[in-house]
Amino acid sequence: MDIFLLEAILNGLLLGGVLALLSLGLNLIFGVIDVVWIAYAELVMVGMYIIYWVHIVHGLPLVVAGAAAIGGVGLLGLFVHLLIIEPILGSAPINQLLATGGLLFLLQSVATLLFGTDFRNIGVRLPSIEIADMYFGWARIIACGMALAGAIALYLFLSRSYIGVAIRAIAQDRDIMGLMGVNPRTIYLVVSAIGGGLAGLAACLLVLQYDVHPFIGLTFGPITFMICVLGGLGSLAGGFLAAFVMSEIIAIGGYFFTGDVAYVIAFALFILLMFLKPSGLLARRGG
Amino acid sequence: MPRTLPMLAGVAILVVLPPFGIPPYMLHIANQILLWSFVYTAWSLMGRFGLTSFGHGGFLAIGAYTTSLLWNYAGLSPWIGIPAGAVLAAVGAVLIGYPCFRLKVVGHYFALVTLAFGEVIRLAIIAARDVTGGSLGMTPNPVPTPSLSALQFADKETFYYIALGLWLVGLLVWRWVDRSMEAKALTAISDDEMAAAAVGINVARRKLAITLLSAVMTAIGGSVMAQYLMYLNPETMAGINPGLQIVFAAIAGGMYSLLGPTAGAVLTIVLAESLRILFGSNFIGAANTIYGILLILFIVFLPRGLVGALEGLRRAPAARPDVERATATGG
Numbered sequence: 001m002d003i004f005l006l007e008a009i010l011n012g013l014l015l016g017g018v019l020a021l022l023s024l025g026l027n028l029i030f031g032v033i034d035v036v037w038i039a040y041a042e043l044v045m046v047g048m049y050i051i052y053w054v055h056i057v058h059g060l061p062l063v064v065a066g067a068a069a070i071g072g073v074g075l076l077g078l079f080v081h082l083l084i085i086e087p088i089l090g091s092a093p094i095n096q097l098l099a100t101g102g103l104l105f106l107l108q109s110v111a112t113l114l115f116g117t118d119f120r121n122i123g124v125r126l127p128s129i130e131i132a133d134m135y136f137g138w139a140r141i142i143a144c145g146m147a148l149a150g151a152i153a154l155y156l157f158l159s160r161s162y163i164g165v166a167i168r169a170i171a172q173d174r175d176i177m178g179l180m181g182v183n184p185r186t187i188y189l190v191v192s193a194i195g196g197g198l199a200g201l202a203a204c205l206l207v208l209q210y211d212v213h214p215f216i217g218l219t220f221g222p223i224t225f226m227i228c229v230l231g232g233l234g235s236l237a238g239g240f241l242a243a244f245v246m247s248e249i250i251a252i253g254g255y256f257f258t259g260d261v262a263y264v265i266a267f268a269l270f271i272l273l274m275f276l277k278p279s280g281l282l283a284r285r286g287g
Numbered sequence: 288m289p290r291t292l293p294m295l296a297g298v299a300i301l302v303v304l305p306p307f308g309i310p311p312y313m314l315h316i317a318n319q320i321l322l323w324s325f326v327y328t329a330w331s332l333m334g335r336f337g338l339t340s341f342g343h344g345g346f347l348a349i350g351a352y353t354t355s356l357l358w359n360y361a362g363l364s365p366w367i368g369i370p371a372g373a374v375l376a377a378v379g380a381v382l383i384g385y386p387c388f389r390l391k392v393v394g395h396y397f398a399l400v401t402l403a404f405g406e407v408i409r410l411a412i413i414a415a416r417d418v419t420g421g422s423l424g425m426t427p428n429p430v431p432t433p434s435l436s437a438l439q440f441a442d443k444e445t446f447y448y449i450a451l452g453l454w455l456v457g458l459l460v461w462r463w464v465d466r467s468m469e470a471k472a473l474t475a476i477s478d479d480e481m482a483a484a485a486v487g488i489n490v491a492r493r494k495l496a497i498t499l500l501s502a503v504m505t506a507i508g509g510s511v512m513a514q515y516l517m518y519l520n521p522e523t524m525a526g527i528n529p530g531l532q533i534v535f536a537a538i539a540g541g542m543y544s545l546l547g548p549t550a551g552a553v554l555t556i557v558l559a560e561s562l563r564i565l566f567g568s569n570f571i572g573a574a575n576t577i578y579g580i581l582l583i584l585f586i587v588f589l590p591r592g593l594v595g596a597l598e599g600l601r602r603a604p605a606a607r608p609d610v611e612r613a614t615a616t617g618g
């Protein structure tokens with residue numbers, strides 16, 4: 001096999017890790033609360049700005065900045081549920097989608113207001129390593145490793161802890177769980193905070209590779225939704241798998257053509273795959 | 288509806304207004320409102336039946352770019368380019384719509400599939416930067432003297448009448464659809480798809496027909512908008528941004544009412560412009576911040592939109608939304 005193609009495939013796997021993390025957060029929220037946060041990638045943008053603000057403006061260590069991002073975006077997730085989703089929980093699903101679409105505009109504008117439209121970075125550029133004539137950026141390796149660690153932590157939390165079991169139960173049948181003594185509202189708030197926290201973690205990993213600007217969310221947002229839909233909305237395992245399918249399409253497409261064309265192919269293939277398997281690769285339920 | 292007379296009077300006022308010295312800036316705002324109203328009305332044709340498309344930016348761009356590319360590279364008049372763009376948009380609508388409707392892709396899934404469609408168009412335009420100018424956008428070649436065949440005019444008045452005509456056609460189409468059997472069938476489908484199929488409604492075909500109509504009108508709107516602004520950009524014409532903008536304005540105004548989408552255009556454009564003037568360029572983003580907050584408030588508190596809420600107040604103060612919708616679409 002061509003060594004450059006192999007390099008592209010392996011780099012695709014590394015990209016897939018971060019995308020998988022993003023899809024886990026979005027899928028968790030959809031699976032439990034039945035709401036698509038169309039502004040999910042904008043939460044990542046907020047996290048990246050928190051890291052920039054804490055680390056560069058205030059000069060605190062990067063670890064502190066990262067923790068602040070995870071905590072801050074987790075809190076933001078909590079407020080998104082309390083202020084936007086909860087009042088319209090009973091209305092048409094499409095309204096919830098649109099309300100978080102309003103949030104997308106809002107977060108972009110607030111970021112523009114506070115930081116302007118300049119590209120900012122945290123000034124950390126990690127070196128690449130060479131393995132058998134192939135080059136891999138440390139930033140990507142760390143990102144993928146941390147993303148997988150986050151995924152495993154989430155899996156353990158959902159399968160081992162009491163509240164994790166309650167979350168999975170709510171996702172299966174929210175009406176019955178009320179009768180079993182679980183307060184759905186608490187679960188929704190916990191899930192929203194975890195979803196936000198995962199976006200914060202993704203921000204920590206992405207800020208190592210990308211400059212942050214108010215519209216960075218548009219780079220990751222659409223692809224994350226495609227991944228979640230492809231995997232079957234609400235299916236954590238399906239989204240995880242789909243993240244690697246999409247990232248490989250992008251990586252291999254980018255090797256044969258250009259990066260832009262790779263994304264066109266990825267989105268076109270997504271539409272095609274939707275027609276072959278309308279409810280996603282591993283459907284939680286019918287479309 | 289005993290509203291024909293006031294509406295005719297309103298149209299007459301709109302027709303005779305411009306010669307009485309409206310400042311060019313106001314005329315420009317009016318043109319934008321009329322053109323966007325047409326597009327929002329086109330979106331509402333399908334949006335009101337539960338077909339929430341986030342991909343109408345794609346149709347807008349297909350119309351705009353087809354017309355301008357044919358003009359710049361083949362020298363074909365927009366009078367050929369606009370129908371060509373409309374045909375291409377129809378092809379796009381079938382490619383997306385037919386499988387979606389046959390395979391019962393609905394709700395969130397339909398919204399996100401159409402979102403992907405809009406992104407495909409945006410990314411394809413950016414990828415073809417050699418001919419389309421990519422993210423930098425493109426300009427239709429200007430003609431030395433204003434001409435009808437090139438659909439380029441020096442004054443804003445001419446475009447005002449074109450936009451006004453287009454807007455009126457949009458309203459007539461809306462009214463025509465509203466009173467047709469099609470609307471009854473589509474209402475039945477959006478209430479319960481399986482029950483509708485059981486009484487003999489061809490679900491996929493009805494949905495495809497309304498999607499085609501909506502896509503073609505949106506493409507025409509996009510073409511005319513490009514001719515008016517003389518500038519095209521993939522970020523403002525295609526993809527998630529205009530897609531969401533269209534959905535928001537239509538919903539804020541009220542997609543179940545004839546003048547709802549128009550109210551949405553007036554509301555969003557006037558709001559955006561006045562916030563822009565109010566804050567100037569001192570606080571970039573301040574205007575949009577307020578705009579974003581208002582959008583959220585609108586969807587949380589007025590899910591049926593401005594016009595829908597007003598109509599609801601007049602009809603029955605305590606009517607349940609679903610009952611109300613069933614009666615509203617009836618007449």
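For the record, the sequence lines run as chains G and R.
So in my numbering the end of the first sequence lands on 287, straight run, no missing numbers.
So in my numbering the end of the second sequence lands on 618, straight run, no missing numbers.
Built from N, CA and C at the ideal position, the CB exists for glycine as well.
If the cut is a Cβ gap below 7 Å, which residues of chain G does E248 (chain R) touch?
Since the first residue shown for chain R is 288 and the last is 618, residue 248 (chain R) is missing from the structure and cannot be characterised.
Assigned secondary structure, I249 (chain G) (DSSP; H/G/I helix, E/B strand, else coil):
In the structure shown, the three-state DSSP call for I249 (chain G) is helix.
Suppose contacts are defined by Cβ-Cβ distances below 8 Å. Is G648 (chain R) in contact with L519 (chain R) by that definition?
Coverage of chain R is limited to positions 288 through 618, which leaves residue 648 (chain R) absent and any answer about it impossible.
Report the residue ranges of all alpha helix (DSSP H) runs contained in full by the region 338-370 of chain R; include only those spanning at least 4 residues, in chain order.
Listed in chain order, they are 343-361.
Taking all protein chains shown into account, do 16 or more other C-beta atoms lie within 10 angstroms of the C-beta of S393 (chain R), making it buried, or fewer, making it exposed?
The sequence shown places Val at residue 393 (chain R), not Ser. V393 (chain R) should be labelled buried.
Just how far apart, CA to CA, sit F588 (chain R) and T474 (chain R)?
If I take the Cα positions, the gap works out to 24 Å.
List the residues of chain R whose Cβ lies closer than 7 Å to the Cβ of Y263 (chain G), in chain order.
Per Cβ cutoff of 7 Å: L410.
Proximity test, Cβ basis, 8 Å: A403 (chain R) and chain G:
Chain G contact via Cβ: present.
Within the same chain, show all residues whose beta-carbon is closer than 6 Å to that of G241 (chain R), passing over the 5 residues directly before and after it, in chain order.
Nothing about residue 241 (chain R) can be read from this structure; chain R reaches only from 288 to 618.
Between I577 (chain R) and L562 (chain R), which are expected to be in contact by the criterion C-beta below 8 Å, what is the C-beta distance as a whole number of angstroms?
So it is a contact: roughly 6 Å between Cβ atoms.
Is the beta carbon of H55 (chain G) closer than 8 Å to that of F119 (chain G)?
In this structure, F119 (chain G) sits away from H55 (chain G), with a CB-CB distance that is not shorter than 8 Å.
Taking the alpha carbon of N27 (chain G) as the point to measure from, which residue in G:L241, G:Y255, G:L269 has its own alpha carbon closest?
Nearest C-alpha to N27 (chain G): G:L241.
Every unbroken alpha helix (DSSP H) inside the region 428-492 of chain R [4 residues or more]
The region 428-492 of chain R is shown to contain whole alpha helix (DSSP H) runs of 4 or more residues at 443-466, 468-478, 480-485, in chain order.
Chain G partners of P590 (chain R), CB-CB under 8 Å?
Result: I88, S91, A92, N95.
For G308 (chain R), which three-state DSSP category applies?
In the displayed model, G308 (chain R) falls within coil according to three-state DSSP, outside both helix and strand.
By the criterion of Cβ-Cβ separation under 8 Å, what are the contact partners of V32 (chain G) in chain R?
V32 (chain G) does not reach chain R, its nearest Cβ partner there being about 15 Å away, counting only Cβ pairs nearer than 8 Å.
Can you check whether the CB of M333 (chain R) is closer than 8 Å to the CB of I507 (chain R)?
No, these two residues do not count as a Cβ contact at 8 Å.
Alpha carbon to alpha carbon, what distance is there between L516 (chain R) and A132 (chain G)?
Just so you know, the alpha carbons of A132 (chain G) and L516 (chain R) end up roughly 54 Å apart.
For V191 (chain G), which residues of its own chain have a beta-carbon under 7 Å away from its beta-carbon, when the five flanking residues on both sides are left out?
L28, I29, V32, I33, I167, listed in sequence order.
For Y578 (chain R), return the contacting residues in chain G, with the cut-off set at a CB-CB distance below 8 Å.
By Cβ distance, chain G contributes F105, S109.
With 8 Å as the threshold, decide whether the Cβ of N575 (chain R) is near any Cβ in chain G.
Chain G places a beta carbon closer than 8 Å to that of N575 (chain R), counting this residue as a contact.
Can you find a CB in chain B that lies within less than 8 Å of the CB of G551 (chain R)?
Among the protein chains in the structure shown, which are G and R, there is no chain B.
Which residues of the region 330-343 of chain R have a Cβ closer than 7 Å to any Cβ of chain G? Give them in chain order.
Answer set for the region 330-343 of chain R: T339.
Mind checking which residues open and close the alpha helix (DSSP H) that includes F257 (chain G)?
Neither: F257 (chain G) is in no alpha helix (DSSP H) and is coded neither H nor E.
Short CB-CB distance (under 8 Å) between M146 (chain G) and chain R
Taking CB atoms only, M146 (chain G) has no neighbour in chain R less than 8 Å away.
Name the residues in the region 362-386 of chain R whose C-beta lies less than 8 Å from a C-beta of chain G; which are they?
From the region 362-386 of chain R, only I383, P386 have a Cβ closer than 8 Å to chain G.
Would you tell me roughly how many angstroms separate the C-alpha atoms of L399 (chain R) and F341 (chain R), rounded to the nearest one?
If I take the Cα positions, the gap works out to 7 Å.
Quick check on DSSP: helix, strand or coil for G424 (chain R)?
Here G424 (chain R) sits in coil by DSSP.
Cross-strand partners of L148 (chain G) (DSSP beta bridge)
Beta-bridge pairing links L148 (chain G) to no other residue.
State the Cα-Cα distance for the pair F96 (chain G) and P310 (chain R), rounded to the nearest angstrom.
As written in the sequence, residue 96 (chain G) is Gln, which differs from the Phe given in the question. So the two alpha carbons sit approximately 40 Å from each other.
Three or more C-beta pairs closer than 8 Å, one from the region 195-215 of chain G and one from the region 361-377 of chain R: is that the case here?
They do not touch, by the three-pair rule.
Which residue's Cα is closest to the Cα of M45 (chain G): G:A153, G:L233, G:L22, G:G90?
For the options G:A153, G:L233, G:L22, G:G90, the alpha carbon positioned closest to that of M45 (chain G) is the one of G:L22.
L322 (chain R) versus R:P548, R:A596, R:G592, residue with shortest Cα-Cα distance
Measuring from the Cα of L322 (chain R), the nearest candidate turns out to be R:P548.
Contact between the region 2-19 of chain G and the region 143-151 of chain G: three or more CB pairs below 8 Å?
Of all C-beta pairs linking the region 2-19 of chain G to the region 143-151 of chain G, three or more are shorter than 8 Å, placing the two stretches in contact.
Check whether the region 352-371 of chain R touches the region 418-437 of chain R, taking contact to mean three or more Cβ pairs, one atom from each stretch, closer than 8 Å.
Inter-segment contact for the region 352-371 of chain R and the region 418-437 of chain R is present: three or more beta-carbon pairs are separated by less than 8 Å.
First through last residue of the alpha helix (DSSP H) which encompasses Y543 (chain R):
Per DSSP, Y543 (chain R) lies in no alpha helix (DSSP H) and is assigned neither H nor E.
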